[in-house]
Amino acid sequence: MKTLLHYLFLLVGIALITGFITSQNSGDTMSMSKSMALSLSGLLALYTVAMSLVGEGNLNDEREQQHRYIANRAGLIAGTTVLALAIIFQLFITHHIDYWLLTGLITINLTKIVSLIWLNYKK
């Protein structure tokens with residue numbers, strides 16, 4: 000029950016942050032005050048830390064371990080897909096690429112490759 004409440008709290012938190020950002024002048028973050036932008040950045044950083052710790056408790060059996068693997072894989076696939084689609088959108092629609100998107104995509108894939116190589120030869 001505690002884990003479920005943690006997940007629901009994180010979902011409500013990101014929904015509130017997203018709702019607040021989209022309600023501010025149609026998403027125009029340039030008109031946001033510096034203190035508001037700083038507080039939103041802090042909230043997003045706190046959310047990122049909390050989200051990275053989801054599911055990192057003790058494992059009781061193989062079923063829980065399998066669920067964690069499936070959830071991590073789904074998160075990796077979703078993140079990679081969103082970044083790739085954003086890059087494709089920028090290439091064909093705006094004709095300019097945001098290098099943060101490329102850096103994020105490269106970081107995700109490079110980390111996966113390096114960790115697989117390291118785990119393979121760790122013996």
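Residue 88 in numbering that gives the first Met the number 0 sits at position 89 of the sequence shown, with consecutive numbering throughout. Each residue gets a CB set at the ideal place from its N, CA and C atoms; glycine is no exception.
Separation of residue j from residue i, as counted between CA atoms
i: G41; j: T93; result: 29 angstroms
i: I69; j: K111; result: 15 angstroms
i: V11; j: F19; result: 12 angstroms
i: D97; j: Q89; result: 8 angstroms
i: I16; j: Y120; result: 42 angstroms
i: N108; j: R72; result: 12 angstroms
i: M35; j: E61; result: 45 angstroms
Buried or exposed (CB count within 10 angstroms, at least 16 for buried), residue i
i: T106; result: exposed
i: L37; result: exposed
i: L7; result: exposed
Helix, strand or coil at residue i [DSSP, three-state]
i: S32; result: coil
i: H5; result: helix
i: K111; result: helix
Expected contact under 8 angstroms - CB spacing of residue i and residue j to nearest Å
i: L9; j: A49; result: 6 angstroms
i: A83; j: L104; result: 6 angstroms
Alpha helix (DSSP H) segment containing residue i, residue limits
i: L90; result: Neither: L90 is in no alpha helix (DSSP H) and is coded neither H nor E.
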